[in-house]
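In this note's numbering, the protein residues as written are 520 to 555. Ideal Cβ placement from N, Cα and C applies to all residues, glycine included. First the structure, in the form of structure tokens, and then the observations on it.
Written as structure tokens, this is what we have:
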């Protein structure tokens with residue numbers, strides 16, 4: 520069983536929008552936009 524390291528950065532934008540960026544150690548990046 521391998522441990523997966525990832526970096527999560529959350530950024531708050533105007534108009535109540537948040538971007539969540541997840542980057543794994545393999546270099547894959549995921550970006551999610553959350554609107555409230």
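Of the residues 538, 534 and 531, which one's Cα is nearest the Cα of residue 552?
538
Among 555, 523 and 527, which residue has its Cα nearest to the Cα of residue 542?
527
Given residue 554, which residues of its chain have a CB within under 6 angstroms of its CB, disregarding the five upstream and five downstream residues?
536
Roughly how many angstroms lie between the CA atoms of residue 522 and residue 549, to the nearest whole one?
Straight-line Cα distance between these residues: approximately 18 angstroms.
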